[in-house]
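Student:
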Amino acid sequence: MHEDNANIDLSTTPQIPAPSQEPEQRRGRRRHSVVTIDLPDIAPPEYTTATVLSKPPVYAETENANPQRPPRIFEAGPTPSAPISGGFYEQYIDRTAVVESTTRYEMPWYRHKLTLWKAMSEQDFGFPFKPYDIQEDFMKELYNVLDQGKIGIFESPTGTGKSLSLLCGSLRWLYDQEHVSTPTTTAERKDDAADEPDWLKEYTVQHEQKTQQSERQLRRQELQARIDRARKREESERRNKSAWIARQHVKKTKTAQEQGNLNDSEDSEFLLEEYDSDDTGNADGRKKPSSAKSESQSNLSADVQELLRRLDNQNTLASASSNDNIDTMQEDEDEVDELKIFFTSRTHSQLSQFIREVQKTKYADSLHSVGLSSRKNLCINKDVQKLNSVHRINEQCLELQKKSSGKRCECLPTVSEKGRLLDFRDHALAKVRDIEELVDVGKSLNTCPYYGTRKTIKPAQLVTLPYQHLLHKTTRESLGISLKNNIVIIDEAHNLIDTINSIHTITIHSKQMRTALSQLSQYLQRYKSRLLGKNIVYIKQIIMIVKAMIKFMENAIQQSKTSNKNSIEKVLYINEFVHQLGIDHLNMFKIEKYLKESKLARKLNGFLDMKKKKDEHDKLNNPVHETENDPSVSSVPILNQIEALLMALTNADKDGRIIVACENDDEYIQYMLLNPANEFKAIVEEARSVVLAGGTMEPMSDFLTHLFPYAEKDRIHKFSCGHIIPKENLQVLTVGTGPTGQKLIYNFEHRSDTKLIDQTGQIIANLCNVIPDGVVCFFASYPYLELVYQRWSRAESGNILDRISKKKKIFREPRAANMVDATLRDYTLQIDTGESGAILFCVVNGKMSEGINFSDRLGRAVIMVGLPFANLASAALVEKIKYVKEHANAQGASGDAGKEYYENLCMRAVNQSIGRAIRHKNDFATVLLLDERYDTTRIQNKLPGWIRESVYECKNFGLVMSRTASFFKDKRQQ
Numbered sequence: 001m002h003e004d005n006a007n008i009d010l011s012t013t014p015q016i017p018a019p020s021q022e023p024e025q026r027r028g029r030r031r032h033s034v035v036t037i038d039l040p041d042i043a044p045p046e047y048t049t050a051t052v053l054s055k056p057p058v059y060a061e062t063e064n065a066n067p068q069r070p071p072r073i074f075e076a077g078p079t080p081s082a083p084i085s086g087g088f089y090e091q092y093i094d095r096t097a098v099v100e101s102t103t104r105y106e107m108p109w110y111r112h113k114l115t116l117w118k119a120m121s122e123q124d125f126g127f128p129f130k131p132y133d134i135q136e137d138f139m140k141e142l143y144n145v146l147d148q149g150k151i152g153i154f155e156s157p158t159g160t161g162k163s164l165s166l167l168c169g170s171l172r173w174l175y176d177q178e179h180v181s182t183p184t185t186t187a188e189r190k191d192d193a194a195d196e197p198d199w200l201k202e203y204t205v206q207h208e209q210k211t212q213q214s215e216r217q218l219r220r221q222e223l224q225a226r227i228d229r230a231r232k233r234e235e236s237e238r239r240n241k242s243a244w245i246a247r248q249h250v251k252k253t254k255t256a257q258e259q260g261n262l263n264d265s266e267d268s269e270f271l272l273e274e275y276d277s278d279d280t281g282n283a284d285g286r287k288k289p290s291s292a293k294s295e296s297q298s299n300l301s302a303d304v305q306e307l308l309r310r311l312d313n314q315n316t317l318a319s320a321s322s323n324d325n326i327d328t329m330q331e332d333e334d335e336v337d338e339l340k341i342f343f344t345s346r347t348h349s350q351l352s353q354f355i356r357e358v359q360k361t362k363y364a365d366s367l368h369s370v371g372l373s374s375r376k377n378l379c380i381n382k383d384v385q386k387l388n389s390v391h392r393i394n395e396q397c398l399e400l401q402k403k404s405s406g407k408r409c410e411c412l413p414t415v416s417e418k419g420r421l422l423d424f425r426d427h428a429l430a431k432v433r434d435i436e437e438l439v440d441v442g443k444s445l446n447t448c449p450y451y452g453t454r455k456t457i458k459p460a461q462l463v464t465l466p467y468q469h470l471l472h473k474t475t476r477e478s479l480g481i482s483l484k485n486n487i488v489i490i491d492e493a494h495n496l497i498d499t500i501n502s503i504h505t506i507t508i509h510s511k512q513m514r515t516a517l518s519q520l521s522q523y524l525q526r527y528k529s530r531l532l533g534k535n536i537v538y539i540k541q542i543i544m545i546v547k548a549m550i551k552f553m554e555n556a557i558q559q560s561k562t563s564n565k566n567s568i569e570k571v572l573y574i575n576e577f578v579h580q581l582g583i584d585h586l587n588m589f590k591i592e593k594y595l596k597e598s599k600l601a602r603k604l605n606g607f608l609d610m611k612k613k614k615d616e617h618d619k620l621n622n623p624v625h626e627t628e629n630d631p632s633v634s635s636v637p638i639l640n641q642i643e644a645l646l647m648a649l650t651n652a653d654k655d656g657r658i659i660v661a662c663e664n665d666d667e668y669i670q671y672m673l674l675n676p677a678n679e680f681k682a683i684v685e686e687a688r689s690v691v692l693a694g695g696t697m698e699p700m701s702d703f704l705t706h707l708f709p710y711a712e713k714d715r716i717h718k719f720s721c722g723h724i725i726p727k728e729n730l731q732v733l734t735v736g737t738g739p740t741g742q743k744l745i746y747n748f749e750h751r752s753d754t755k756l757i758d759q760t761g762q763i764i765a766n767l768c769n770v771i772p773d774g775v776v777c778f779f780a781s782y783p784y785l786e787l788v789y790q791r792w793s794r795a796e797s798g799n800i801l802d803r804i805s806k807k808k809k810i811f812r813e814p815r816a817a818n819m820v821d822a823t824l825r826d827y828t829l830q831i832d833t834g835e836s837g838a839i840l841f842c843v844v845n846g847k848m849s850e851g852i853n854f855s856d857r858l859g860r861a862v863i864m865v866g867l868p869f870a871n872l873a874s875a876a877l878v879e880k881i882k883y884v885k886e887h888a889n890a891q892g893a894s895g896d897a898g899k900e901y902y903e904n905l906c907m908r909a910v911n912q913s914i915g916r917a918i919r920h921k922n923d924f925a926t927v928l929l930l931d932e933r934y935d936t937t938r939i940q941n942k943l944p945g946w947i948r949e950s951v952y953e954c955k956n957f958g959l960v961m962s963r964t965a966s967f968f969k970d971k972r973q974q
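If you count the sequence shown from 1, position 4 lands on 4 in full-length UniProt numbering, and the numbers rise without skipping.
(1) Based on Cα-Cα distance, which residue from His-509, Ser-444, Leu-649 and Asn-818 lies nearest to Asp-584?
(2) For Thr-926, which beta-bridge partners are listed by DSSP?
(3) Since Gly-371 sits in a beta bridge, which residues does DSSP pair it with?
(4) Which residue's Cα is closest to the Cα of Ile-359: Ile-393, Asp-276 and Leu-462?
(5) Using three-state DSSP, classify Lys-808 as helix, strand or coil.
(6) Less than 8 Å between C-beta atoms, sequence neighbours within five positions excluded: which residues of the same chain meet that for Asn-769?
(7) Buried or exposed for Thr-160, going by 16 or more other Cβ atoms inside 10 Å?
(8) Between Gly-738 and the rest of its own chain, which residues show a CB-CB distance below 7 Å, the 5 nearest in sequence each way excluded?
(9) Quick check on the burial criterion: 16 or more other C-beta atoms within 10 angstroms. Buried or exposed for residue 976?
(10) Suppose the cutoff is 6 Å on Cβ atoms and the five residues either side in sequence are ignored; what does the same chain contact list for Glu-331 look like?
(11) Kindly indicate which residue of Glu-813, Ile-852, Gln-974 and Lys-431 has the alpha-carbon position closest to the one of Ile-839.
(12) Identify which residue in Ser-701, Asn-922 and Thr-562 has its Cα closest to the Cα of Asp-856.
(13) Please report the distance separating the alpha-carbon of Gln-401 from that of Lys-407.
(14) Within a Cβ cutoff of 6 Å, which residues of the same chain sit near Phe-607, ignoring the five residues on either side of it in sequence?
(15) Give the straight-line distance between the Cα atoms of Thr-347 and Arg-356, rounded to the nearest whole angstrom.
(16) Taking DSSP's pairing of strands, which residues face Leu-673 in a bridge?
(17) Check for me: the beta strand (DSSP E) holding Thr-344 runs from which residue to which?
(18) Which residues bound the alpha helix (DSSP H) around Lys-473?
(19) Should Ser-748 go down as buried or exposed, given a rule of 16 or more other Cβ atoms within 10 Å for buried?
(20) Taking 8 Å as the cut-off, does the segment 490-499 touch the segment 688-701 (at least 3 CB pairs, one atom from each stretch)?
(21) With distances taken between CB atoms, is the gap from Asp-228 to Ser-352 smaller than 8 Å?
(22) Quick check on this structure: which residue in Tyr-175, Tyr-275, His-494 and Asp-714 has the alpha carbon closest to the alpha carbon of Asp-365?
(23) Of the choices Gln-350, Met-544 and Phe-127, whose alpha-carbon is the least far from that of Tyr-363?
(24) Hey, how far is the Cα of Leu-166 from the Cα of Ala-780?
(25) With DSSP collapsed to three states, give me the class of Gly-774.
(26) Which residue's Cα is closest to the Cα of Val-370: Glu-338, Cys-397 and Arg-948?
(27) Let me check understanding here. Comparing Cα to Cα, which of Asn-845, Ile-341, Thr-474 and Tyr-538 lies closest to Glu-274?
(28) Please tell me whether Gly-859 and Ala-917 are closer than 8 Å, where the distance is taken between their beta carbons.
(29) Can you tell me which of Thr-499, Asp-714, Ser-345 and Pro-783 puts its alpha carbon nearest to the alpha carbon of Phe-680?
(30) What number of angstroms, rounded off, separates the C-alpha of Lys-484 from the C-alpha of Glu-728?
(31) For Ala-687, which residues in the same chain have their Cβ closer than 7 Å to its Cβ, ignoring the five residues on either side in sequence?
(32) Rounded to the nearest angstrom, what separates Ser-703 and Met-848 at their Cα positions?
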């Protein structure tokens with residue numbers, strides 16, 4: 001019992017009157033009695049109301065002894081009809097409220113239960129400091145969305161504590177569910193016991209609930225005890241580091257001894273298992289054994305054969321686990337699968353920052369969290385870490401798991417060493433850690449963090465992972481992620497639609513097709529006499545498909561040469577493409593199943609690696625012998641891409657398109673996803689609640705149209721808050737004319753006009769005279785930035801670059817990703833040490849338009865040159881707009897949906913770029929939007945609310961200069 005209730009005298013429980021004889025109220029098909037309860041003076045002051053819960057459901061009117069607390073009327077059931085003043089209701093369970101600090105009065109003579117409810121105050125969210133009003137609103141709205149199982153779209157400008165608000169609101173909800181979670185098996189029990197009397201069913205269900213909850217609680221306590229021991233051991237080892245070093249040495253020695261007994265690799269390990277897809281095999285398509293051993297057992301009794309079959313299955317599982325890879329290790333059935341929050345963001349740096357925010361909260365000490373990542377980020381095997389390619393790292397990891405490889409990875413526990421993974425799990429959960437800290441735990445325990453974190457998913461309450469791990473179904477399944485009834489929070493979700501499209505878009509070049517054909521042919525030639533079942537049939541079908549695609553590309557190339565065009569793009573529907581390839585007689589679904597179950601791509605890659613090593617060995621031992629430069633011996637997982645494309649061909653015809661393109665010497669076939677809603681639908685349907693959050697989520701209409709068209713309107717909740725800065729700290733000016741009065745329209749027809757480019761240069765040069773410190777200027781693309789820069793460097797432009805450089809040192813965003821950090825460092829150093837500051841020319845959707853913090857002096861002004869509309873000459877974009885129009889017309893929508901999509905695509909990029917400024921409460925900046933189209937209401941309505949309310953339309957350039965100069969003058973005087 002909570003300490004607040006320690007002094008409550010239960011003997012003074014008030015008697016509950018029988019239901020009054022007032023006329024029954026009918027709501028739907030249920031009848032409700034009305035009961036009035038007087039809340040006694042014994043209730044602690046923080047409790048605000050009471051309710052009677054009974055069967056059938058009743059309404060309860062509560063009258064508090066404190067006259068300042070008005071009575072409330074609400075329905076007893078899973079969702080109260082009105083909140084308590086000043087807070088929220090907690091959850092119901094089995095018609096009984098169970099919350100922290102709850103006093104329950106049992107009155108069996110009326111079969112009623114009286115529950116006192118505690119209102120939630122703002123401190124209950126566990127915010128590390130007093131939250132702003134917008135943060136408090138954000139957390140309350142988030143709590144309600146999770147509580148009601150809705151889809152939430154939340155916009156909170158960068159610098160408003162969005163991450164902390166997400167954390168505290170969601171973790172508070174998760175914490176509250178500890179008291180109300182109910183195993184789903186009880187509902188199933190009710191269905192199974194349809195023939196039993198009602199009183200027996202109710203008793204049985206309640207008994208099973210209590211038993212299951214007791215068992216779960218016992219397993220939780222056992223896990224917590226292990227975690228506590230791990231914490232104590234970590235504390236001890238921090239005092240004496242030599243302890244874990246000695247233990248690590250022992251484990252390495254033991255592992256090395258075990259490796260001495262391993263067998264050499266044999267090419268038979270790359271041989272496919274017998275496969276039969278025609279319902280004569282196992283569930284996975286592999287054919288049941290039909291060897292002499294089976295025949296010899298035919299005279300045995302059915303019971304003995306069943307026993308032998310079970311033993312054989314166990315041996316097969318153990319063999320697969322130790323000889324093949326650890327993916328086949330089964331989870332402990334008795335391990336508690338906790339209710340959890342899956343939190344995902346775009347990059348690992350953003351996830352690490354999020355973990356640091358978690359560590360600030362009151363939940364950090366008791367929260368069980370784990371971070372998931374790729375082998376590249378989690379591998380601690382030094383030899384594997386040296387490999388550059390992600391694919392090579394993955395393949396080498398799988399290779400080192402095989403007993404036949406001759407050298408098993410010393411960091412990877414065998415099935416008999418499962419305790420090492422459990423040890424890692426306990427240490428991983430002992431405190432909230434980021435990826436780097438989990439790697440350190442793996443090193444200290446000499447245990448693989450990649451597989452250790454997977455083992456930690458079930459007992460974790462918070463799981464952090466990058467976009468791709470969540471959004472890609474195959475990756476989710478391989479990691480063992482179950483979203484069922486859990487919470488999914490996607491941060492930085494402004495580009496979620498583009499990310500889903502990108503993940504499910506597959507491109508294969510003609511050279512890769514030829515390489516894949518060579519690889520498959522060599523594999524078939526090597527193992528043809530040893531392949532069983534329908535393996536040969538399916539491999540030949542895949543070879544037929546690859547040959548058809550190669551021929552299709554050759555025809556496209558010939559067509560390009562005949563038409564004397566440098567490039568052609570052809571768009572086809574999926575069914576049309578399959579028909580033109582001449583493979584419409586093949587069952588693509590069976591081929592898809594075969595590729596999944598047989599793991600042909602993995603076997604083929606292993607065979608190719610073995611062949612490559614053998615050729616290198618032969619060349620070393622026989623210098624005269626030269627291996628031919630065979631394109632089939634490649635480290636690139638080409639068949640994986642072929643497999644992805646073949647799986648895409650099983651998608652609905654309307655959801656994607658095939659693009660065949662020939663541009664110069666580059667020819668490729670691309671599957672383009674048009675309908676991201678179907679790919680995301682599985683996540684929405686499986687999870688209890690899905691929350692999208694970002695600093696700039698406008699225009700939100702895109703999410704409703706292209707991501708949740710199937711969701712009911714009342715299930716989607718939108719929330720957008722303002723900024724925490726004072727309004728006078730932000731100035732947004734639209735600039736429609738230049739110093740000479742020339743109109744600024746940066747559309748395709750006019751943006752290359754030298755007069756417009758020169759006018760733009762004069763605007764920026766003049767603004768640099770009155771804007772202090774750093775200026776960040778965005779252009780639509782790298783080619784356009786290059787065009788403008790070259791023009792400004794010439795004397796004909798009036799030596800604009802020279803004029804600008806006299807006031808601010810000029811920096812340009814590099815195309816090479818490895819040069820970005822150096823450029824930012826030099827830009828920052830110039831502002832910190834220089835007198836006049838610096839200007840940085842960037843590109844919309846470039847490397848500096850997202851995730852870069854231009855706070856304070858680094859970004860006193862953000863200049864957006866034009867509206868960065870995408871290139872309408874792109875066949876992919878044209879097809880997408882066409883699809884959007886057709887989909888909108890089918891739904892009976894009014895207006896031009898294609899134009900709306902095209903504008904939203906542009907404005908989302910604008911919003912993300914101008915959001916680089918204003919990063920905290922005391923920051924200030926001006927935003928200048930160069931293009932007369934920014935004056936239109938249609939465009940301004942697509943800006944974030946906190947920016948839109950500060951927009952001022954300047955009718956002439958003189959007004960731009962005067963307002964900008966006054967803005968910074970006022971800031972200097974403050």
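Positions of the beta carbon are idealized from the N, C-alpha and C atoms, including for glycine.
Tutor: Per the coordinate set shown:
(1) Leu-649
(2) Bridge partners of Thr-926 according to DSSP: Gln-731 and Ala-861.
(3) Thr-464
(4) It is Gln, not Ile, that sits at residue 359 in the sequence shown. Looking at the Cα atoms, Leu-462 is the closest of the given residues.
(5) coil
(6) Lys-807
(7) buried
(8) Cβ contact annotation for Gly-738 (same chain, cutoff 7 Å, sequence separation greater than five): Leu-744, Gln-759, Gln-762, Ile-763 and Phe-957, in chain order.
(9) Absent from the structure is residue 976, since the part of the chain shown begins at 1 and ends at 974.
(10) The pLDDT assigned to Glu-331 is 49, lower than 50, so where the model puts this residue is not dependable, and the model offers no usable value.
(11) Glu-813
(12) Asn-922
(13) 8 Å
(14) Phe-270 and Tyr-523
(15) Distance between the alpha carbons of Thr-347 and Arg-356 is about 15 Å.
(16) Leu-673 is bridged to Gly-656.
(17) 341-345
(18) Start and end: 473-479.
(19) The sequence shown places Phe at residue 748, rather than the Ser named in the question. With fewer than 16 Cβ atoms within 10 Å of its Cβ, Phe-748 is classed as exposed.
(20) Taking 8 Å as the limit for Cβ pairs, the verdict is that the segment 490-499 does touch the segment 688-701.
(21) For Asp-228 and Ser-352, no; Cβs fall outside 8 Å.
(22) Tyr-175
(23) Phe-127
(24) A straight-line Cα-Cα distance of about 33 Å links Leu-166 and Ala-780.
(25) strand
(26) Taking only the C-alpha atoms, the option nearest Val-370 is Glu-338.
(27) Tyr-538
(28) yes
(29) Thr-499
(30) Their backbone Cα atoms lie some 47 Å apart in a straight line.
(31) Leu-483, Asn-486, Ile-487 and Val-488
(32) In the sequence as displayed, the identity of residue 703 is Phe instead of Ser. Near 24 Å, if we compare the C-alpha coordinates of Met-848 and Phe-703.
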